[in-house]
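Structure first, then comments.
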Amino acid sequence: MAKRRSGRSERAGTIPVALTIAGSDCSAGAGIQADLKTFAAFGVYGLSAVTCVVAEVPRRVSRIEPVTTIMVRQQIEVLLKNFPVRAIKTGLLCSAGIVSSVARTIRNLKKKGARPIPLVVDPVMIATSGDNLLEPGAVESYKKELFPLATLITPNLDEAAALLKTAIKGRKQMDDAAKALAKKYRASILLKGGHLRGDKAIDVLFHNGKCTEFPAPFVRDVQTHGTGCTYSAAITAGLASGLPLEQAINHAKQFVTQSIARHFRWKRGSRKIDALNHSS
Ligand code: PXL
Numbered sequence: 080m081a082k083r084r085s086g087r088s089e090r091a092g093t094i095p096v097a098l099t100i101a102g103s104d105c106s107a108g109a110g111i112q113a114d115l116k117t118f119a120a121f122g123v124y125g126l127s128a129v130t131c132v133v134a135e136v137p138r139r140v141s142r143i144e145p146v147t148t149i150m151v152r153q154q155i156e157v158l159l160k161n162f163p164v165r166a167i168k169t170g171l172l173c174s175a176g177i178v179s180s181v182a183r184t185i186r187n188l189k190k191k192g193a194r195p196i197p198l199v200v201d202p203v204m205i206a207t208s209g210d211n212l213l214e215p216g217a218v219e220s221y222k223k224e225l226f227p228l229a230t231l232i233t234p235n236l237d238e239a240a241a242l243l244k245t246a247i248k249g250r251k252q253m254d255d256a257a258k259a260l261a262k263k264y265r266a267s268i269l270l271k272g273g274h275l276r277g278d279k280a281i282d283v284l285f286h287n288g289k290c291t292e293f294p295a296p297f298v299r300d301v302q303t304h305g306t307g308c309t310y311s312a313a314i315t316a317g318l319a320s321g322l323p324l325e326q327a328i329n330h331a332k333q334f335v336t337q338s339i340a341r342h343f344r345w346k347r348g349s350r351k352i353d354a355l356n357h358s359s
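Residue numbering for the sequence shown follows the working numbering, beginning at 80 and increasing consecutively.
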């Protein structure tokens with residue numbers, strides 16, 4: 080906690096600032112709610128630009144409504160104009176129009192000669208529940224407009240397979256897929272292998288021409304809604320704090336593993352609800 084002197088925070092001018100551009104998950108395990116809790120756990124001041132509102136509980140999405148593209152753009156513009164944002168992440172962007180609007184807003188910043196801000200793109204397509212979260216046509220907008228602006232892209236195996244139009248079934252194929260995506264979009268790639276069942280959840284980073292493995296124990300029997308959001312938010316928090324990419328990923332992986340291991344569980348009759356524990 081920051082020490083306070085006569086009611087004023089000493090850290091106000093120095094606390095790193097990060098921005099999440101993502102959807103609202105009313106159950107707060109994923110989306111902007113997960114991102115903001117994660118930023119706070121890392122001692123980073125979190126800002127948010129909301130792209131859509133999702134009515135859901137961990138295993139069931141009941142409704143998604145996008146925010147207008149103008150509203151998405153204005154949230155990002157006012158925040159970047161007024162705060163010293165040190166890193167940005169995108170989560171659920173919902174529609175092709177919103178993906179394009181986010182890409183255009185970030186591209187315009189670059190054109191105006193603003194200092195480059197690291198951009199982490201989590202290409203959220205499908206919820207852990209299996210519900211589709213992204214309009215199918217939006218994938219093309221990601222490929223053409225947003226991926227080329229990214230510092231790091233963090234697909235899971237299903238998302239990488241959809242992007243490359245090929246199945247990824249083993250460890251060697253993970254390396255090949257990460258390399259292929261990195262070459263295609265000129266970004267670093269963190270391919271999350273959590274869905275390849277085994278004792279370990281292994282992720283592969285392709286960065287600066289080489290593959291690095293990030294292993295962690297695989298935690299079973301927990302409904303892990305929001306792990307992807309939490310992971311990319313934790314990486315973004317590390318980058319906002321000035322950590323090199325590998326170190327930011329290492330810290331983030333530890334944080335996610337801990338958030339899963341220390342999850343909350345509520346029981347209502349025969350139904351269980353699990354939620355990540357984002358506290359540090
Ligand atoms: O976990 C993916 C995800 C991301 N963003 C929002 C979500 C979800 C999952 O349901 O609601 C807003």
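Every residue gets a Cβ at the ideal spot worked out from N, C-alpha and C, and that includes glycine.
What residue range does the beta strand (DSSP E) around residue 198 cover?
198 to 200
Less than 7 Å between the CB of residue 58 and some heavy atom of the ligand PXL, yes or no?
Missing from the structure shown is residue 58; the chain here goes from 80 to 359 and no further.
Quick one: is residue 343 buried, meaning 16 or more other Cβ sit within 10 Å of its Cβ, or exposed?
exposed
Could you tell me which uninterrupted beta strand (DSSP E) segments, each at least 3 residues in length, are contained entirely in the segment 267 to 297, listed from first to last along the chain?
267 to 271, 279 to 286 and 289 to 296
Using only the alpha-carbon positions, how far apart do residue 375 and residue 218 sit?
Because the chain is modelled from 80 through 359, residue 375 falls outside the range shown and cannot be assessed.
Can you tell me whether DSSP reads residue 105 as helix, strand or coil?
coil
The segment 203 to 217 touching the segment 314 to 324, judged by at least three CB pairs closer than 8 Å:
no
Any idea if residue 154 is buried or exposed, counting beta-carbon neighbours within 10 angstroms, 16 or more meaning buried?
buried
Please state the DSSP three-state secondary structure of residue 126.
strand
Proximity of residue 269 and residue 167 at Cβ, strictly below 8 Å:
no
So, helix, strand or coil for residue 214, using DSSP?
coil
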